[in-house]
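Keeping their order, the protein sequence lines are chains A and B.
Heads up, the first sequence is in my numbering, so the first residue is 255 and it goes up one at a time.
Heads up, the second sequence is in my numbering, so the first residue is 255 and it goes up one at a time.
The structure under discussion appears below in the form of structure tokens.
Protein chains: 2
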Amino acid sequence: MNRKEFRDLASPTEAREAINSLSIEGGVERVPLEDARGRVLIARLDAELDVPGFDRASLDGYALNARDTFGSDEADPAELDVVGTVHAGEEPGVVLESGQAAEISTGAVMPDGADAMVPVERTDVGSGTGEAGTTGRHDENDESGEDHESNGTVLVRTSVAPGDNVMFAGADVAAGERALGPGTRITPRDIGLLSALGIDEVPVRRKPRVGIVSTGDELVRPGGDLESARGEIYDVNSYTIAAGVEDAGGEAVLYPHAGDEQDEMERILREAAAECDLVLSSGSTSASAVDVIYRVIEEQGELLLHGVSVKPGKPMLVGRLDSSAYVGLPGYPVSAMMVFRTFVAPSIREAAGLPEPESATVTGRMARDERYGEGRLRLMPVGLVTDGDGNSNSDSNGGGADSGVDAGVGVSAGDTLVYPVDKGSGATTSLAEADGVVEVGPETDYLERGESVDVQLFSPDVRPPTLLGVGEDDPTLNRVLDRLDNPRYLSVGSRPGLRRLREGIPDVAVVAGPSGREQELEATELSSWERDWGLIVRAGNPDEIDGLDDLVDRDLQFVNRTSDSGLRTSLERALADLVEERGAETETGAKTDHHDLATHINGFDVGLRAHESPARRVIAGEADAALGLRDTAERLSLEYVPLGTQTMRVLANPDRVEKASVRELESVLAEGVVDDGRL
Amino acid sequence: MNRKEFRDLASPTEAREAINSLSIEGGVERVPLEDARGRVLIARLDAELDVPGFDRASLDGYALNARDTFGSDEADPAELDVVGTVHAGEEPGVVLESGQAAEISTGAVMPDGADAMVPVERTDVGSGTGEAGTTGRHDENDESGEDHESNGTVLVRTSVAPGDNVMFAGADVAAGERALGPGTRITPRDIGLLSALGIDEVPVRRKPRVGIVSTGDELVRPGGDLESARGEIYDVNSYTIAAGVEDAGGEAVLYPHAGDEQDEMERILREAAAECDLVLSSGSTSASAVDVIYRVIEEQGELLLHGVSVKPGKPMLVGRLDSSAYVGLPGYPVSAMMVFRTFVAPSIREAAGLPEPESATVTGRMARDERYGEGRLRLMPVGLVTDGDGNSNSDSNGGGADSGVDAGVGVSAGDTLVYPVDKGSGATTSLAEADGVVEVGPETDYLERGESVDVQLFSPDVRPPTLLGVGEDDPTLNRVLDRLDNPRYLSVGSRPGLRRLREGIPDVAVVAGPSGREQELEATELSSWERDWGLIVRAGNPDEIDGLDDLVDRDLQFVNRTSDSGLRTSLERALADLVEERGAETETGAKTDHHDLATHINGFDVGLRAHESPARRVIAGEADAALGLRDTAERLSLEYVPLGTQTMRVLANPDRVEKASVRELESVLAEGVVDDGRL
């Protein structure tokens, strides 16, 4: 079979209908009461008994005949014979006759012959036929459990009506009453009702079982050893989709990941189909794997749909496999999650009996122009940042709306800026940097900066970050960020950070190295500190590397940073200094050229993006020296050869200097940097 | 020690401060990735590796040197020698030189010497040194895994720049980068990031362990046998508070319930204190139990506060017991839950590292006057119902607010009416009939009908009922209700139902028996049906009871319903008929009196509230005949002696006839009642 071309793409609506047509309900199960919270009742529960099951005293006091108190008041109390005591949890050993009362505890059974009770506060011990020793208002510490034929008298200083201070049997819940209806999602309050009815097991919808099969020879489960040289990567989809399934009310079942070998893949898919209500596969983008899935679905089930007009997520499959529903998700994690969220999660929720989620929606303005013209529905992951002073940003109870409904999300004052998050189709992590999704219709090919868009937050409890920072990656900065409440920091490097600050999106940019074009920005410098940089070499410095000279003159393998990095800029300056120095040393007219020196350094042109990655090449034995920070060398137990210090500066977006989170950052920076120069 | 009088009540603020001063943090634990969803990260996680770990092809196509494509286009393609194939999960077995390309799969490692790739769609198989058989665009089904020294040539019909269609090592996440900050509540998207980093175990805040000790001799765990005659009741607080603890992010530990015996209570409290971060007791209201708790807390810990100026919840204790925090909750379930929710849950959430909950707040109008003048903060449980046509009631995504934030709750259009829910202080189930809480300040002693109040929903996912019905309890009605989405029905009886309808609160009232004063209401009758009623007697009717005559003339024990019940009204009419009949029979001038006949029926004056409760007395052997429905007799396998039929009528609030849920009810009633008279 040849590569499927997805020529006839289904519309998103058709895809939803196809998935809805699959039955993924899980049936019924009975769960113990302690596990019932959040589960969905499948049938009505009627009360099988009265609550309370008996006429019950509501207070501590005296059970009596209301008739005997008629006309009584403070001045003219009724005096009744106390003929017994009833504690909670005891059968009354007394029957009252006219003129008699029984001491009674809150919750105790009203004795026969009594039709009301008087709280102890409205009584006094009488002077009647009292026995010696019963001088207190009532005998609290009586542990004998015996009923007293004569316990003195009580003075009742109020009149009561029949039923006063008594909760009659069934007054709380009456036998036969409808207690909870089918479809109830059980709350702690419902558990209270079920407890009162003595129900210790409830029939609930079984969570739909969703089997997850990630395919691809290159996948390794997290925790396993990765061979990057072989192109292995960690399996992102399995645990991520499992978590999504559980968020949607399903039960996730992870199957061992299937390589691209056909028999194995078929075996695992069919095993999952036999055990689950829905099978989700994902992970392999190789055509041969797709072919296996096609063949299995077509032979053992039915393919309802392949290819949907949506981006990301075009290569989606919907069908049946043996007795299970089947959806094939795209392999790229971002695509897989977006398709899962848009098309699959709603069906799982429905099968689980959960209501449509409260979709928290935030309206914001596009932070920049965004072009898109592919004629497919686009599910665009976006991040949010509050513009302006954002004073109310830390107030999670946003302004109440006229509709009377307000679930406070941390973006409620100031203008909300919306920026697309897109690290490319192969990125696994973009969604962790996004807050929600903007659906861009197929007819829209351009979103203009400032245009209003609706963002569906990933879930109602998403808290958009309080602070958005961009720029250089730095260990000191990381410690600062740890002290802030819910910041987001994108380590894009110094130059891209400055560029984004210029576009007005982030709150702050953190730049390394000599100051330069940021002056044009009129950005406000919040703080600065020095950091030591140099060469990172093997522990003990076995190659006896002392500085840049060694890299130029000896046959050593070096690892550089990318040109976006502030360290790279500092390195190039150091190299320029070396050129000067050597020019002076050689004392000839022919100046040593900067470029010339760089070409003598093996690996100078190979730049890595992350501040730690070069050092890790040294650990891996792939390089002798790496550009890096003293801090990194210490952290990774390597040797540090100093080349210089560079200034780290935190620059604030001029519109945001009064924003609460920016002020918080400023104050943390002030404390830490002043204290010891190292936070 | 004598009864504690709570003379110096603490303010609610002081109570919050006292609880906040207790440390209930649970420390750290490491959980596997699959259990990390929703947990709170306790420390920053930095990336320990680059993602991807290698330069990676983003598409299926050809890896090459960008330089070799410069100037190429559709018309003038570059022709390159294909010298190998790299699949995902394979180490490249080839190094490219100028003029060479390698076939490459999505996700595969870029071979050395290549700096860009071209997607297969922009290429054609060349005519160069191609081998026989390689006529397709590319060799999808090549399973040999061998690298081909010569695989023909490829025509590249586009030019690419270095880096095009390649994801460089670390471009997604760079080693050393801050991945997730402390305090992050882990979402499925974060699990994606952690997976990509190969992390299979994360350090999270341990959930605070909360021990729950219910005390009281009268308590029986749900599922156990209840002896109502002894005043036993099911333990409501244990499971309810446990569910509340788990909702708040804690781990609930239920201890066996402690009776009022002092040594046992002390032993269980101290055992809980040794094992938990916080101990919550509740359940016993007897003074001796309180004394034990006082003594234990004072001897083994510290009592910080007793008594809070709040209703319900006055008798709250706050202190320390051994090394644990301790809070004593009131015994009544409603009070216990209100105090738990207001004072304890926020501290558990904080210890669990969860953000303040998004408090969904609904603004509504008081449905009736409410007096309150005790000078304490009142936590008033309330229910909600939408007034007016409520057309948008079924739309759970209410109108977006200008603030940009909108968590759709089912009350978004029409006016929301707020009515207090209060079944008395001993009621265990009121909260299941409530949607949220109105805090009434100590200075407020009167809330006027129509006054605007803010209701804090019990949780953001509370869905206020779509339909509020009140009135007679009826098995047919229960089946109708099962077919509606999220109705609420309060079985208050026919007369109270009519009274409430007159007050304008419910959407519908269901009344039994002959029509009467409801005519004054101008209520709209939605539907009606007949139900059979009579006497319910033991299976097989061993006493040979044929009708009311037997109850009057023989020594039989009867159980009646309360005078609120429509059945009682029908019974009284039947008795009046019997009087007529007997008057005719005796043919004397002295008419038989109605009251006279009733006094001849043993138990006529003892009315039970629930429609099933009288029949259950027959099962229990406590009565020979009970007033009830044919339906009930059948359900409980008893014998039914017909006395008549009565009309059930569903009456709609005239303002609500167009409300969506009322129309839905009307249509379900129309279907069912017309079909077979029995739904």
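Glycine included, every Cβ here is placed at the ideal spot set by N, Cα and C.
Count the other CB atoms, across all protein chains shown, that sit within 10 Å of the CB of residue i; report buried if there are 16 or more and exposed otherwise.
i      : result
A/Y493 : buried
A/K913 : buried
B/T426 : It is Asp, not Thr, that sits at residue 426 of chain B in the sequence shown. Flag for B/D426 reads buried.
A/D715 : buried
B/N907 : buried
A/R574 : buried
A/N419 : buried
A/G343 : buried
A/V374 : buried
B/P476 : buried
A/T267 : exposed
A/V853 : It is Thr, not Val, that sits at residue 853 of chain A in the sequence shown. So A/T853 counts as exposed.
A/V282 : exposed
Please list, in chain order, all residues of the same chain as residue i whose beta carbon is under 7 Å from its beta carbon, the five residues on each side excluded.
i      : result
A/V675 : P635, V636, G637, S684, E687, A688
B/D804 : L810
B/G861 : N814, R815, T816, S817, R822
B/R521 : none
A/G437 : V294, L295, G607
B/N274 : S601
B/G307 : A423
Ordered along the chain, which non-local residues of its own chain (more than five positions away) have a Cβ less than 6 Å from that of residue i?
i      : result
B/L821 : W787, R815, L881
B/R703 : M620, R622, D623
B/A527 : V533, L575, D576, S578
B/Y743 : G723, L735
B/G767 : G820, T823, S824, Q900
A/A264 : L559, V562
Shortest alpha-carbon distance to residue i belongs to which of the options?
i      : options                        : result
A/L448 : B/L447, B/T377, B/T682, B/V616 : B/T682
A/L789 : A/I855, A/T615, A/S535         : A/I855
A/T617 : A/F594, A/T670, A/Y586, A/A599 : A/T670
A/P879 : A/N795, A/G926, A/S915         : The sequence given here has Ala at residue 879 of chain A, not Pro. Answer by Cα proximity: A/N795.
A/A450 : A/V305, A/G325, A/P510, A/E925 : A/V305
A/G582 : A/L523, A/P600, A/V707, A/T640 : A/L523
B/E693 : B/P566, B/V806, B/P868, B/L883 : B/P566
A/E556 : A/V572, A/E518, A/V564         : A/V572
A/A869 : A/D850, A/Y894, A/D859         : A/Y894
Would residue i count as contacting chain A if we go by Cβ distances under 9 Å?
i      : result
B/G417 : no
B/G406 : no
B/F858 : no
Would residue i pass as an interface residue toward chain B - the criterion being a Cβ-Cβ separation below 9 Å?
i      : result
A/V282 : no
A/D454 : yes
A/A864 : yes
A/V336 : no
A/T487 : Note that residue 487 of chain A is Ile in the sequence shown here, rather than Thr. Chain B, which has a Cβ nearer than 9 Å to the Cβ of A/I487, makes this yes.
A/T823 : no
A/V716 : yes
A/M935 : For chain A, the structure presents residues 255 to 933; residue 935 of chain A sits outside this window and is missing.
A/G505 : The sequence shown places Glu at residue 505 of chain A, rather than the Gly named in the question. So, not an interface residue.
A/F712 : yes
Ignore the nearest five residues each way along the sequence and tell me which others in residue i's own chain have a CB closer than 8 Å to its CB.
i      : result
A/G435 : L295, R298
A/A924 : S781
Please list the segments of the beta strand (DSSP E) lying wholly inside the region 758–802 of chain B, counting only runs of 3 or more residues, in order along the chain.
As far as the region 758–802 of chain B is concerned, its whole beta strand (DSSP E) runs of at least 3 residues are 762–766, 778–791.
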